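Heads up, the sequence shown is in the numbering used here, so the first residue is 185 and it goes up one at a time. For every residue, glycine included, the Cβ atom is placed at its ideal position computed from N, Cα and C. These figures come from a predicted structure and were not determined experimentally. Below: the structure, in structure tokens.
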Amino acid sequence: MQQERVLIKGAGDLASGVAHRLFQCGVVPIMTELAEPLVVRRRVSFAEAVYQGETTVEGVKALRVKTADEAIAWQERGVIPVLVDPDDRSLESLKPTYYVEATIRKRNDGLTKDKAPFVIALGPGFCAGKDVHAVVETKRGHDLGRVIYQGYAIADTGIPGEVGGYRQERLLRAPVSGVFSACREIGDQVTKGESVGTVDGQPVNAQIAGIVRGLVKDGISVTAGLKIGDVDPRLERAYCYTISDKARAIGGGVLEAMLHFAMLRNNIEKNTHRPQPIRSS
């Protein structure tokens, strides 16, 4: 499987957790992203390479590239390439064996099993066995990371997972549409009601006390109601810079699905090439 190409669509924190786990197992994926990623947990997202040119997450380096050929060259050198390609225009050149839909859009905008020999999607909105070959559960709880081969993941409830006893309160959302201007940074400690920035002059205030675990890039355009930050009440600054338990579990699910498909294919090839008995006339 090491010599087969893996394409991960999306390079946010969950997609990056998948990429990191694959990398640690000897598989260097290629990742694609938007020209202006709206990533909140930027310190643990390979999408940050789009803005910075390169980034490192827990010792693993990613580099922004401009072409599919450049992506292949860096992948072969053991560096995760991040290519701006939201429309999959490079798909024909990359020819991945495994295609992982990791944008967490929670809906299917036309993804089919034709993207690659094996297509894996993360979270709700995709039907395993119909739209894709497998779906990995992304909802926290008993089934987090489970690989589904028939049917759907748990439907999106719109309610974020609980962290330190808080759900909606820990999120920072844009009060209006406009340009976000930050006055605090990821890793800063804030009090309840303290401003972390503004959107077109309208304040974005923390609803709880804690550590700013995630924040979209300063100067980026956002829409009203968009999640633009995350305050962690556990006051563990290290959590800002390390992959979450959720991302690691999902990464394990993707790895399991890939190994499962590789095993099935190998079994088919063995049976196909098995010598057939000579029948007497």
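For the region 259–336, the continuous beta strand (DSSP E) assignments of 3+ residues that do not extend past its boundaries occur at 264–268, 282–285, 302–306 and 318–320, in sequence order. In the displayed model, Ser365 falls within a strand according to three-state DSSP.
Minimum Cα-Cα distance from Gly348 among the listed residues Gly335, Gly381, Gly394 and Asn389 corresponds to Gly394. Taken through DSSP and simplified to helix, strand or coil, Gln352 comes out as helix.
The beta-bridge partner set that DSSP reports for Gln208 is empty.
Within the model, the alpha-carbon separation for Gly342 versus Gly335 is close to 20 Å. In the DSSP annotation of this structure, the continuous segment of the alpha helix (DSSP H) that includes Gln236 starts and ends at Glu232 to Gln236.
In this structure, Arg432 lies near Arg205, with their beta-carbon atoms less than 8 Å apart. Unbroken beta strand (DSSP E) stretches of 3 residues or longer found wholly inside the region 387–464: 394–399 and 411–416, given in chain order. In the displayed model, Glu217 falls within a strand according to three-state DSSP. Distance between Thr382 and Val388, taken at the CA atoms: about 5 Å. Rounded to the nearest whole angstrom, the C-alpha separation of Leu222 and Leu419 is 24 Å. Comparing alpha carbon positions, the residue from Ile392, Asp271, Lys411 and Gly436 closest to Val319 is Gly436. Straight across, the Cα-Cα distance linking Pro265 with His326 is about 33 Å.
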